[in-house]
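Novice: In my numbering, the protein residues as written are 5 to 284.
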Ligand code: KMH
Ligand code: ZN
């Protein structure tokens with residue numbers, strides 16, 4: 005299944021594109037809040053941050069200048085790997101989603117197929133997937149292939165067969181589980197998707213909502229890595245809202261310690277994903 009590293013890559017997804025600050029006050033929606041969140045999550049054990057930005061109206065924002073500013077600020081203030089979302093929100097155009105790469109992140113998400121997304125549809129046609137994959141290789145950006153369904157693992161295999169490996173040859177996927185319309189956040193689904201990945205691929209998993217803990221525990225036991233954050237989970241336990249993103253990273257790091265696969269530092273995460281060490 006891949007992913008048999010001695011440590012655990014913990015990615016924090018602090019904001020997402022769907023929840024509102026009014027509903028979830030702990031959501032970091034300004035650049036200052038994002039940087040403060042990144043520092044706290046770094047201290048708690050995160051190695052990478054998965055970034056969505058918001059505009060003044062709290063909507064998904066793919067403004068190229070703001071994205072560049074965010075990547076620069078996160079690199080200046082932390083040593084986290086910076087992963088930009090090319091998924092954006094369901095209403096974002098393909099052109100804007102592709103232009104995200106101009107901000108030169110370390111990594112970006114590439115979702116490997118269309119999926120029902122609650123009452124909406126998250127569109128990821130083959131042509132968009134192949135274009136993002138090719139652009140990432142051209143620009144030296146490490147993709148993280150987002151899989152919302154078992155069929156997306158088949159699309160990832162097809163992509164690598166037809167268009168070759170990503171830059172540095174490392175294939176890393178992220179299983180996003182429990183989205184209404186996607187695969188369920190269950191141990192059985194973790195095992196099925198992990199088994200369907202291309203040989204040698206590594207993977208993280210995140211469970212939306214109440215599937216957060218079952219998915220994290222299943223992922224650790226199956227050799228996978230962890231993504232946590234308010235993008236996916238707003239309840240820490242039944243009836244108890246998450247305090248902030250760092251609380252979710254702390255819990256993930258504690259689980260990784262228990263599994264005797266402690267959190268990878270950003271430098272170790274960089275090596276794990278095949279990226280060159282930073283010069284600082
Ligand atoms: N906001 C979702 C529609 C990604 O970041 O690449 C898409 C998403 C996936 O969050
Ligand atoms: Zn995302």
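Beta carbons: idealized from backbone N, C-alpha and C, even for Gly.
Comparing the CB of residue 111 with every heavy atom of ligand 2, is any distance shorter than 7 Å?
Specialist: Not so, every heavy atom of ligand 2 lies at least 7 Å from the Cβ.
Novice: Does the distance between the C-beta of residue 189 and the nearest non-hydrogen atom of ligand 2 fall short of 7 Å?
Specialist: Checking the Cβ of residue 189 against ligand 2 gives no.
Novice: Which ranges would you report for the alpha helix (DSSP H) in the stretch 6-81 if only whole runs of at least 4 residues count?
Specialist: If we require 4 residues or more, the alpha helix (DSSP H) runs fully inside the stretch 6-81 come out as 35-48, 68-81.
Novice: Quick one: is residue 34 buried, meaning 16 or more other Cβ sit within 10 Å of its Cβ, or exposed?
Specialist: It counts as exposed.
Novice: Is it true that the stretch 262-276 meets the stretch 242-249, where meeting means three or more beta-carbon pairs spaced less than 8 Å apart?
Specialist: No, the stretch 262-276 is not in contact with the stretch 242-249.
Novice: Under the rule that 16 or more other beta-carbon atoms within 10 Å means buried, what is residue 172, buried or exposed?
Specialist: Counting Cβ neighbours within 10 Å, residue 172 comes out exposed, since fewer than 16 surround it.
Novice: What's the C-alpha gap between residue 54 and residue 233?
Specialist: Going from the Cα of residue 54 to the Cα of residue 233 covers about 9 Å.
Novice: For the putative contact between residue 84 and residue 143, defined by C-beta atoms under 8 Å, what is the C-beta separation to the nearest angstrom?
Specialist: No, residue 84 and residue 143 are not in contact; Cβ-Cβ is about 19 Å, not under 8 Å.
Novice: Return yes when the Cβ of residue 114 is within less than 8 Å of the Cβ of residue 137, no when it is not.
Specialist: Yes, the pair counts as a contact, with Cβ atoms nearer than the cut-off.
Novice: Identify, in the order they occur along the chain, each residue of the same chain with its Cβ nearer than 8 Å to the Cβ of residue 124, setting aside the five sequence neighbours on each side.
Specialist: Hits under 8 Å: 94.
Novice: Below 7 Å CB to CB, which residues in the same chain sit around residue 65 once its five sequence neighbours on both sides are set aside?
Specialist: The residues are 57, 58, 59.
Novice: What does DSSP give as the partner residues of residue 218 in its beta bridges?
Specialist: Partner(s): none; residue 218 has no beta bridge.
Novice: What does the alpha-carbon distance come out to for the pair residue 279 and residue 170?
Specialist: Those two C-alpha atoms are separated by around 12 Å.
Novice: Closer than 7 Å by C-beta to residue 191: which residues in its own chain qualify, once you throw out the five before and the five after it? Chain order, please.
Specialist: Answer for residue 191: 218, 222, listed in chain order.
Novice: CA-CA distance, residue 248 and residue 49?
Specialist: The alpha-carbon atoms of residue 248 and residue 49 are separated by roughly 14 Å.
Novice: Give the secondary structure of residue 211 by DSSP, where H, G and I count as helix, E and B as strand, and everything else as coil.
Specialist: Three-state DSSP puts residue 211 in a strand.
Novice: For residue 21, which residues of its own chain have a beta-carbon under 7 Å away from its beta-carbon, when the five flanking residues on both sides are left out?
Specialist: Excluding residues within five positions, the ones whose Cβ falls inside 7 Å are 56, 64, 92, 93.
Novice: Taking 7 Å as the cut-off, is the C-beta of residue 150 nearer than that to any heavy atom in ligand 1?
Specialist: Within the cutoff, so yes.
Novice: Residue 117 and residue 168: beta carbons closer than 8 Å?
Specialist: The answer is no: Cβ separation not under 8 Å.
Novice: Just to confirm the assignment, what range does the beta strand (DSSP E) spanning residue 128 have?
Specialist: Note, residue 128: premise wrong, no beta strand (DSSP E); not H, not E.
Novice: Within a Cβ cutoff of 8 Å, which residues of the same chain sit near residue 194, ignoring the five residues on either side of it in sequence?
Specialist: Within the same chain, residue 194 has close Cβ partners 179, 181, 209, 219, 222, 223, 226, 228.
Novice: Let's see if you can read the secondary structure: which residues bound the beta strand (DSSP E) around residue 147?
Specialist: Taken as a continuous stretch (DSSP letters only), the beta strand (DSSP E) holding residue 147 covers 146-151.
Novice: For residue 8, count neighbouring C-beta atoms within 10 Å of its own C-beta (all shown protein chains included) and say buried if the count is 16 or more, exposed if not.
Specialist: Caution applies to residue 8, whose pLDDT of 47 falls short of 50 and renders its modelled position unreliable; the value that the coordinates give is listed next. When all chains shown are included, residue 8 counts as exposed.
Novice: Quick check: what's the CA-CA separation for residue 271 versus residue 46?
Specialist: Taking the straight line joining both Cα atoms gives about 12 Å.
Novice: Confirm, please, whether the CB-CB distance from residue 12 to residue 42 is below 8 Å.
Specialist: No, the pair does not count as a contact, with Cβ atoms beyond the cut-off.
Novice: With DSSP collapsed to three states, give me the class of residue 124.
Specialist: Reduced to three states, the DSSP call for residue 124 is strand.
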